[in-house]
Amino acid sequence: MSIKKISKEELSQLVSTLIASGDRVEGVQAKDDKFAFGPLTSADDLRLDYDVTLLSPRKYVLPPVESLMTFEVGGRYQSEYDTEKLTLIGVHPYDMIALNQIDQVFSQDEVDNHYTTRRKNMTLIACDVVTPSENVFASSMGTATVSEGYDILLTDIGDAYVADAPTEKGQALLCNAADATAEDLAKRQAVQERNQSDLNRHPLNCKIEDLPQLLEKAYDHPVWEEKAASCFSCGSCNQVCPTCYCFNVQDDVSWDLKSGTRSRAWDGCLLENFANVAGDHNFRKKRNDRFRHRLYRKGKYVPEKLGIGTACVGCGRCITACVPGIANPVDIYNTLLNDIKL
Amino acid sequence: MSKPRVAIFDFACCEGCQLQIVNLEEEILDLLGVVDVVEWREAMSEQSEAYDIAIIEGSITRPEDEERIKDIRSKASILIALGACASIGGVNKLKNNFDLNDVKKCVYGDAADMPHLETAMTKAVDEVVKVDFKIQGCPVEHDELTYVLRSLLIGKTPEIPDYPVCVECKAKGNICRWEYSEQCLGPITRAGCGARCPSANNRCFGCRGYVDNPNVDAAKDVFEKYGLTVEDLKSRMVLFGSKQGPTL
Amino acid sequence: MSECCCGEKDIYLPELATITRMQHMNETELFLHLELDSGKELGHMPGQFVEVSVAGIGEAPISNTSSPTKSGFDLVVRKIGRVTNAIHAMKEGDKLGIRGPLGHGYPLEDMKGKDLVFICGGIGLVPQRSLINYVLDKPEDFGKVAILFGAASFEQRLYQDQLARWAQNDKVQLLETIDKPHPEWSGNVGVVTTIMNQIDIDLANAISLICGPPIMYKFVIMSLEQANVSNENIFVNLERRMKCGVGKCGHCQINHHYACQSGPVFRYSDLSDIPEAI
Amino acid sequence: MSKNIDINVKHLTRVEGHGNIVVNATNGTVEKVEWQVPEAPRFFEAMIRGRKYDDIQTIVSRICGICSISHSLVATKAVEDALGLEVTEQTDMIRLLMHFSEQLQSHVLHVGYLVAPDLFGAKSVVPLVSAAPDAVLTIIKAHRVANKWSELIAGRITHPVTLIPGGMSQVPSEKQLKDLAGSLKDIVADLVTIVEVVLSVADKLPAFERDTEYVSLGNMNPAQYTFYHGDIVTTDLDEGTPVNQWESVANEYVVAQSTAKWGKWHRKSYAVGALARYNNNAEHLSPLAKVVEGKFGLTKGCCNPFMNSVAQLVESAHVVEKALEIIDKLLTQGIKQEKVDVKPKAGKGYAAVEAPRGILFHSYEFDDNGICLGGNLCIPTNQNHANIQHDFEKYVPEFMDQGEDALRQGLEMLVRSYDPCVSCSTHMLNVEFVK
Ligand SMILES: Cc1cc2nc3c(=O)[nH]c(=O)nc-3n(C[C@H](O)[C@H](O)[C@H](O)COP(=O)(O)OP(=O)(O)OC[C@H]3O[C@@H](n4cnc5c(N)ncnc54)[C@H](O)[C@@H]3O)c2cc1C
Ligand code: SF4
Ligand code: SF4
Ligand code: SF4
């Protein structure tokens, strides 16, 4: 299908129609002086000109807490699935790429059908960045624009949006829209080209393909110790990261003490007991072990596992979230680059 | 199997944690379905000498209280410290920052020497007897309280968070209070409250005590970064139990 | 919430198995024989593990200790935490939830015709047993077998019946040691590396398999390297924290490896450049 | 009938905190009647010294779990008075909503869980669950709604987290307020049920009267039934006394039988609480509250302390109706998060609010940096202690003929009817009869 154009009013009407349908519609809205994804009750609240959201849209594919199954003590386990339909509006390219990565994790090898069920019921409307956030470095990570994963991608060209809908779900929503003209497409390209260079508050001094090689040589570098000395092990960097997906599983029984729920919740590799086993043996006991692990996951382990460029999409959220101000990945990679020859 | 017998006792405190048991509302009936509450002065007139689980609220502030808690310990197979006062001393411990005679004079003036006003250094329960489980918070949280009780009833050691409040705060999507330079203790305080205070746009006061291994040096760095002093940090950290946790 | 989904199997959903036999080996170790309620065989390979569920308490990864040549499967559970305590409180006829077999077992093809040296510390014998019994059930496929078993103390010399049975097999050389002397013990005293020179097998051409407490690996590997054993011929069995057992939850990661997927059995040459492994 | 009486109730149950009752009579002559408060003293006035102005309400909230909202509110008001801070009308309304939620929460708890067992002759609310399940479930429901209400506005049921000097850290959304209004309208019927239940056993409330002075907030312009604003008023005086003169009202003193301080004003003792508020402000009750008042035949000037629980029921109806008015107003004028900017300065501040169990005074002094130099807190239960003692002295001879058990029970009920928060005063109840 060709690429469409939709005026701001038309989009607003489309969103209103979606809300009126009674299905769950969530999108980016202002929260005090920041932005957050949340339930949309009015199309007027949608803010596609936002810079970055507090939490990434990962919370929609992997909720902070999610019931996996119910059980009866002594036996009988029964799977539980979230089958609610959801339209999510306003996903930035770097977050879309992060979702694509998590999609891969949960559908490769053994398929996690709790995840895929939820994902299949989602309609994703992405949008190109209008306002760069204070810590974004997506340009450095090659994540300033995105080409797959969404049902619709909106690009603000001033008076209207150019809307690319590669899926049937997306096309169905845009069936009344006019085709974009060559001029519109040129404007769109200008926006995307600008973003590819300008979403770069923390430029990385190497190509992302070089990161695994850099990290290969950096395991014993003093930067880990230096930075981790002021790490709280608070996991804030994990919690806000769009590509972090580790989880914990817990059982709880009801008051009858005979039945209950097994649920999973967000976990984080920076938390002290993440790699602790019974008998109190901790495989990453020291703060710097855990601190390093995250940066290796983003720059080496996950990219190698998934065959992708990088598992840090440059959203900059961890930079903002880290109270002692040590979590900036670029800061660390650049420090290593100063000392280590590729 | 007969139901475990539970007794609830209070020492120096505001009784807000016991109140959270009352606040279980309908769930109290569920609780009473699986345990026998044999003593609970705030809610019932019966008193008992025989119980399996003793739930202790409040901190120990007088010599006679030490005797009483030792007696309770000797009769209970499981002893649970309920809330900040019992677990870490609570605000009662602020008293320990002063000379005890001065404290009495300040409140009771010329009458300070009357024998019934005698007081000692405030202690958390585990500074006097062994505590098996702590339910943190000032007051305790509904969900944690019921989870711990249910876990114990099925013979499971409850999984209590040993990570900071920031984990829950971030998961809630809050704006960090430090972005407004507010001295939030979330990074060193034990989670489990769902980041109640930051979620209400307030800073974390540390009412749940600290994680097992809080990075106090990092906290000092952060306070300095925001133009504050170690004294400021200390003043925040002692609010819910001065002797508890790391020394500065 | 709903109970239906798109038809694929729920990788987190345990199936039920019944404890048909159990035996308390000592205060901390419990032997269990289980059969799946579905009547099917688990279909595991030696070295694989299962996630064992006690509803309400949680899950724990436990190695399969029986050879797939036998029906049903055996587990040995050490009492150390929530789930394992709860399993110890069970009785025959009770049910456990089982997910598996999970992970990567021993590469049997690569071992065909080779002599095998099992070096086990304490409960490390448990996963190895699945392979030892398999090998002994198919004597024509493998060479000689040496079993080195080190216990921390005299009281912790587990599996004596099993060890005695193995000792009777002509193919097997059994060597035992305990870390600390004991009046009733006349055998070797010292850590497991102190009996390695007594092995009748030519180590350099054999396959060595190590399983034991985390600190044991480093020393055993040093001794093997001194005996000119190449890293390709050393296999280690690594324990990590696990929540899902299927490469999602992230807990068992050892640098870029997921212990549950690439392991728990690793060829040491695949790990030698991995700082967190040993 | 026994002429020798020895009542010795140690740690009276079903009250907040610890209190003892000691009565000693030989051959019909009363030798000793004592209301003792042996609660472990906690020294809040000493502990707040050196703390910053914005920690004060967090600390003193812990004086009492049941009236933590009142303590937080009065402390915040006193701090604001000292620092010269004015709050907006919106803040004021939201705080009133918060305060009303505590009145309901506490009154339902007291009447439903603590007093009702006495009226039904039960040892606690537990046996009532099977005896009168519907009534108990209704009480539980009202209590739950009140708690949810507190949690919404205060951020937590007990020990508020949204109160900051100068304003509110968080305000409820319009949707939350609408939902709250819905559930408040919903429990009006439940309150009526509770009233009927108590009415059915109201004859168990002893006919005992003792004329005394009743002190509360009042004197507002325009006149209203107040819990939060106004001057100090008394049944003994026509004009109001400004709140900053509270120390001359309470006249606190220390007695040997109590770790809690006692107070007196125009007479040898005075009473505070729902009945005091009622006796000073009854004509300004809401319509439903007036209906409840009528059902029990409660009239202004009542001096039966046992009727305090009835006055609490009257007030419960009042606060629900008033809260609905406030919510309406907030929704009409719109609600928004307001910025608060506080500059510390030296000063002394005073405040009073009505805790559910009576008028509560705090005052604090701060230095230039907003560091607390000291404070003075006077808790309602302390103000009632002397009055309870005097009630005892009149009650024991009047009811001694009933025998020791009935007498003990009457005295326990008498103390409970004051809804003492002995943990406030420090803690309260034990009865001893000495032969
Ligand atoms: C591949 C593998 C094979 C194993 N085989 C055996 C065996 O055959 N027999 C045996 O007795 N033990 C075995 N273990 C160790 C066993 O899994 C732990 O002792 C057990 O998980 C402890 O759980 P718990 O609930 O009793 O303890 P808790 O301390 O209460 O555990 C709480 C949680 O921590 C995690 N955890 C704690 N320790 C471990 C650990 N060592 N490994 C993984 N997760 C852990 C689990 O997720 C568990 O749910 C094996 C571990 C692994 C990884
Ligand atoms: S590591 Fe930091 S910058 Fe990179 S994706 Fe995660 S949160 Fe964003
Ligand atoms: S956010 Fe910062 S302090 Fe917290 S765990 Fe991450 S690196 Fe450490
Ligand atoms: S507000 Fe406090 S608890 Fe929340 S993230 Fe910031 S420091 Fe942590």
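Residue numbers (the numbering used here), protein chains in the order written: chain A, 29 to 370; chain B, 320 to 567; chain C, 73 to 350; chain D, 3 to 437. The beta-carbon is built from N, C-alpha and C at its ideal position, and this holds for glycine as well.
Following the DSSP letters along the chain, one finds residue 534/B in no beta strand (DSSP E), marked with neither H nor E.
In the structure shown, residue 344/D adopts coil according to DSSP, grouped into three states.
Looking at the backbone, the Cα of residue 199/C and that of residue 230/C are separated by about 14 Å. Here residue 112/D is buried, its C-beta having at least 16 other C-beta atoms within 10 Å.
The beta carbon of residue 178/C sits closer than 8 Å to those of 117, 118, 119, 203, 281, 307 and 337, all from its chain and outside the five residues before and after it, given in chain order. Between the alpha carbons of residue 378/D and residue 407/B lies a gap of roughly 26 Å.
For residue 252/D, not one C-beta of chain B is nearer than 9 Å to its own C-beta.
Residue 163/A and residue 190/A have their C-alpha atoms some 26 Å from each other. Summarising the contact set, residues whose Cβ lies nearer than 6 Å to any heavy atom of ligand 4 are, in chain order, 264/A, 351/A, 484/B, 485/B, 488/B, 489/B, 493/B, 495/B, 496/B, 497/B, 503/B, 505/B, 506/B, 514/B, 517/B and 523/B. Between residue 333/C and residue 175/C, the C-beta gap is smaller than 9 Å, which places the two residues in contact. Counting other Cβ atoms within 10 Å of its Cβ, residue 549/B stays below 16 and is therefore classed as exposed. Within the same chain, and ignoring the five residues on either side of residue 273/A in sequence, the residues whose Cβ sits closer than 8 Å to its Cβ are 86, 90, 130, 133 and 134. Cβ-Cβ distances below 7 Å link residue 104/D to 69, 71, 72, 152 and 358 in the same chain, with the five nearest sequence neighbours on each side left out; the list follows chain order. Ligand 2 never approaches residue 312/C closely enough for any of its heavy atoms to be under 8 Å from the residue's Cβ. Membership of residue 115/A in the beta strand (DSSP E) is indicated by the continuous run 114-119. Put simply, of 289/D, 297/D and 348/D the residue whose alpha carbon is nearest the alpha carbon of residue 320/D is 289/D.
In the same chain as residue 202/A, and ignoring 5 residues on each side of it, the C-beta atoms closer than 6 Å to its own belong to 32, 191 and 193, in chain order. Between the region 322-342 of chain A and the region 320-333 of chain C, the count of C-beta pairs closer than 8 Å reaches three or more; the two stretches touch.
Along the region 156-169 of chain C, going in chain order, the ones with a CB nearer than 8 Å to a CB of chain A are 156, 166, 167 and 169. Contact check for residue 238/D and residue 268/D: beta-carbon distance about 4 Å, within the 8 Å limit, so the pair qualifies.
The alpha-carbon of residue 233/C is positioned some 49 Å away from that of residue 323/A. When Cβ-Cβ separations below 9 Å define contact, residue 66/D makes contact with chain B. Secondary structure at residue 556/B: helix, using DSSP grouped into helix, strand and coil. Boundaries cannot be given for residue 115/D, as no beta strand (DSSP E) includes it and DSSP labels it neither H nor E. Your pair residue 364/D and residue 76/D checks out as a contact, with CB atoms roughly 5 Å apart and the cut at 8 Å. Counting along the chain, residue 38/D sits inside the beta strand (DSSP E) bounded by residues 31-38.
For residue 359/B, the secondary structure class from DSSP, reduced to helix, strand or coil, is strand. For residue 97/A, the chain C residues whose Cβ falls inside 8 Å of its Cβ are 82, 84 and 85, in order along the chain. Around the beta carbon of residue 545/B, fewer than 16 other beta carbons lie within 10 angstroms, which makes this residue exposed.
For residue 403/B, the CB contacts under 6 Å within the same chain, skipping 5 residues up- and downstream, are 409, 457, 526 and 559 in chain order.
Residue burial is scored here from C-beta neighbours: residue 208/D has at least 16 other C-beta atoms within 10 angstroms and is therefore classed as buried. Per DSSP, residue 192/C is one residue of the beta strand (DSSP E) stretching across 188-193. Going by DSSP, residue 403/B is part of the alpha helix (DSSP H) stretching over 402-407. Ranking 397/D, 180/D, 382/D and 119/D by CA distance to the CA of residue 337/D puts 180/D first. Chain C places no beta carbon closer than 9 Å to that of residue 87/A, leaving this residue out of the contacts. Secondary structure note for residue 248/D: it is in no beta strand (DSSP E), and the uninterrupted alpha helix (DSSP H) holding it is 248-252.
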